[in-house]
Amino acid sequence: MTASGDVAIVGAGLTGCLLAGYLARRGERVVLYERRPDPRLTGAERGRSINLALSERGIDALRRVGLDGKVLADALPMRGRMVHSADGVLDFQPYSADGRRAINSIGRGALNNVLLDAAQALPEVEVRFEHRLTGLDPATGALTFDTPDGPLRAGAAVVLGADGAGSAVRGELLRHAATAETLDFLDYGYKELTIPAVGGEFALDPGALHIWPRGRSMMIALPNPDRSFTCTLFWPTSGTESFASLSSPAAVERYFTAHYPDVVPLLPHLVTEYRENPVGLLGTVRCAPWHASGRVCLIGDAAHAIVPFYGQGANCAFEDVVVLERCLDDTGGDWSAALPLFDRERRADTEAIAEMALANFVEMRDKVASPLFKLGKRVEHA
Ligand code: FAD
1 MTASGDVAIV GAGLTGCLLA GYLARRGERV VLYERRPDPR LTGAERGRSI NLALSERGID
61 ALRRVGLDGK VLADALPMRG RMVHSADGVL DFQPYSADGR RAINSIGRGA LNNVLLDAAQ
121 ALPEVEVRFE HRLTGLDPAT GALTFDTPDG PLRAGAAVVL GADGAGSAVR GELLRHAATA
181 ETLDFLDYGY KELTIPAVGG EFALDPGALH IWPRGRSMMI ALPNPDRSFT CTLFWPTSGT
241 ESFASLSSPA AVERYFTAHY PDVVPLLPHL VTEYRENPVG LLGTVRCAPW HASGRVCLIG
301 DAAHAIVPFY GQGANCAFED VVVLERCLDD TGGDWSAALP LFDRERRADT EAIAEMALAN
361 FVEMRDKVAS PLFKLGKRVE HA
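Oh and the sequence shown: position 73 is 73 in UniProt numbering, straight run, nothing missing.
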């Protein structure tokens, strides 16, 4: 079976859905291919809910297509960091001098669903779930997918890889020697835990991003609209103080009581969640070029995944969409000129945020607890 569309976007995550809306607005016919079933029917994977800090960079991209209000309706503003020291002392550090600027906590699933609804409502956009890209010929735009009904062949004039850090599109470009990549994994991973509401109320101040800096490791917590908090532990993956080192329920309880004493009473499912929730990997993807044959291009995490410590991966991916649209405008809609231009215009900024995100890990796990950071001069990031 063969199917074709003018533009194929691989991946209906945050980048793919927003991009589909932008292109439809330009009159492009878009087919959005997603390997998962419809997430609005299945919900988030256990332990992978991920709260995002959405900031002005990302909101600007949403505003341009009228989606900011709808997205922010599901978000909670955080006007600063609440630093929890090991002796239980709290220190609120506002993100702006006037204390009014905020970053916004939003669940990745909720954000994805709003963008998916918006894309699917457009007559130019068709979404095909349970289509996992398995093959791409960059020269012709021929695509192959695994589907519940067996393999499917499709074609497109333009193919945009918005399929995340482990991008299959990038894999196909590598296989055709059309790009080169380096992947740098941290020896840190992340695991999610939940602080449920207590008596229907938030257990911590919902107007802050909570941080427990502990030197080599740290934990953060962001509020959810149901008055729970999602905590993310960023810990080494191996060694004496690591995810791997806490192998019994007693060891988990002992460790948390020693290092996170104020939060232990708020984590009723600590041991179960610690045992059952997966450890996610953290790394930086660098690849060049992002484009091939004047018709294929990587965008978002597929092109430049970063570690999450600056809270900018999705914000930056949304800004990619704005920049790609500008490149299309500047080239009169000529994709073969717009894609190399996008690579040239965007690359330096994504390299800069990748370095800043790595540097901010050291700041968050360690320096935010230093007296120097109590001057309230830090702005606009986690
Ligand atoms: P993804 O969200 O990975 O979406 C890719 C999509 O492609 C998925 O739907 C996937 O199923 C699909 N797909 C994959 N392979 C195929 C295939 N072969 N065929 C078809 N479809 C496929 N960013 C922020 O801005 N602020 C934050 O505070 C923040 N916090 C984070 C915290 C953590 C712990 C992590 C891990 C990330 C965080 N991020 C944050 C980063 C953010 O989640 C990513 O930058 C963002 O999700 C990238 O969007 P994307 O659409 O490019 O990729």
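We put the beta carbon where it would ideally sit given N, CA and C, even for glycine.
Option nearest residue i by Cα separation, candidates the options
| i | options | result |
| --- | --- | --- |
| Ala121 | Arg344, Tyr22, Thr230 and Leu133 | Tyr22 |
| Ser238 | Asn277, Leu281 and Ala354 | Leu281 |
| Gly209 | Arg25, Leu52 and Cys17 | Per the sequence shown, the amino acid found at residue 209 is Leu instead of Gly. For the residues Arg25, Leu52 and Cys17, the minimum Cα distance to Leu209 belongs to Leu52. |
| Tyr95 | Gly80, Ala86 and Ile106 | Gly80 |
| Thr227 | Ser85, Asp98 and Gly107 | Per the sequence presented here, residue 227 reads as Arg, with Thr not at that position. Selected option, being the one with the closest Cα: Gly107. |
| Leu193 | Asn224, Ser85, Leu133 and Glu181 | Asn224 |
| Ser217 | Phe92, Val198 and Asp187 | Asp187 |
| Ala338 | Leu90, His291 and Val31 | His291 |
| Leu152 | Val158, Gly166, Leu136 and Ala165 | Leu136 |
| Tyr274 | Leu324, Ala86, Trp235 and Val307 | Trp235 |
| Pro261 | Leu246, Thr42, Asp74 and Ser85 | Ser85 |
| Leu174 | Ile50, Gln93 and Arg286 | Arg286 |
| Ile306 | Glu351, Leu116, Leu32 and Ser247 | Glu351 |
| residue 434 | Pro308, Val169 and Ala119 | Since the first residue of the chain shown is 1 and the last is 382, residue 434 is not available in this structure. |
| Ala75 | Asn112, Leu41, Ala165 and Asn360 | Asn112 |
| Asp117 | Gln93, Phe202, Leu41 and Gly332 | Leu41 |
| Met364 | Phe202, Arg326 and Gln93 | Gln93 |
Own chain, CB closer than 8 Å to residue i, minus 5 neighbours either side, in chain order
| i | result |
| --- | --- |
| Glu253 | Val264, Leu270 and Val271 |
| Asp130 | The amino acid at residue 130 is misidentified as Asp; the sequence shows Glu. Cβ neighbours of Glu130 beyond the five flanking positions: Glu34, Arg35, Arg36, Pro37, Thr147 and Pro148. |
| Arg100 | Arg79 |
| Val362 | none |
| Phe256 | Val263, Val264, Leu267 and Leu270 |
| Leu375 | In this prediction, Leu375 scores a pLDDT of 39, lower than 50, which makes its location untrustworthy; the coordinate-derived value is nonetheless stated afterwards. Nothing meets the Cβ criterion. |
| Gly43 | Gly109 |
| Arg57 | Gln312, Asn315, Cys316, Phe318 and Glu319 |
Distance CB(residue i)-CB(residue j) smaller than 8 Å
| i | j | result |
| --- | --- | --- |
| Pro39 | Gly88 | no |
| Ile103 | Leu54 | yes |
| Ala348 | Tyr310 | no |
| Gly207 | Pro77 | yes |
| Pro284 | Asp163 | Rather than Pro, the amino acid found at residue 284 in this sequence is Thr. It is not a contact, given that the beta carbons lie outside the stated cut-off. |
| Ile211 | Leu204 | no |
| Val71 | Val127 | no |
| Ala61 | Glu319 | yes |
| Ala156 | Gly171 | no |
| Leu160 | Phe145 | no |
| Thr230 | Ala221 | yes |
| Leu328 | Arg26 | yes |
| Ala20 | Ala154 | no |
Same chain, Cβ closer than 6 Å to residue i, five either side skipped, listed in chain order
| i | result |
| --- | --- |
| residue 383 | Lying outside 1 to 382, the shown extent of the chain, residue 383 is not represented and no answer is given. |
| Cys316 | Ile353 |
| Tyr59 | Looking at the sequence provided, one finds Ile at residue 59 rather than Tyr. For Ile59, where only same-chain residues beyond five positions count, the Cβ hits under 6 Å are Asp68. |
| Val379 | With a pLDDT of only 33 at Val379, under the threshold of 50, the placement of this residue in the model should not be trusted; the figure read from the coordinates follows. Closer than 6 Å at the Cβ level, and outside the excluded window around Val379, lie Tyr95 and Ser96. |
| Leu324 | Phe342 |
| Ala168 | Leu133 |
| Cys297 | Leu160, Trp290, His291 and Leu339 |
| Ala197 | Arg227 and Ser228 |
Buried versus exposed, by CB contacts within 10 Å (16 or more), residue i
| i | result |
| --- | --- |
| Pro268 | exposed |
| Gly215 | exposed |
| Ala382 | Bear in mind that a pLDDT of 46 at Ala382, under 50, signals an unreliable position, so the number given afterwards is only what the model happens to contain. Ala382 comes out buried. |
| Pro249 | exposed |
| Pro278 | exposed |
| Thr240 | exposed |
| Gly66 | exposed |
| Pro213 | buried |
| Ser105 | buried |
| Arg48 | exposed |
| Gly313 | buried |
| Ser247 | exposed |
| Ala165 | buried |
| Leu90 | exposed |
Cβ-based neighbour list, residue i, same chain, cut-off 7 Å, excluding 5 preceding and 5 following
| i | result |
| --- | --- |
| Arg64 | Val322 |
| Pro289 | Thr179 and Asp343 |
| His176 | Pro138 |
| Asp366 | Pro213 and Gly215 |
| Trp335 | Val158, Gly294 and Arg295 |
| Glu181 | Arg170, Leu174, Val285, Arg286 and Cys287 |
### Query
Can you find at least 3 beta carbon pairs, one from the stretch 292-305 and one from the stretch 10-21, that sit closer than 8 Å?
yes
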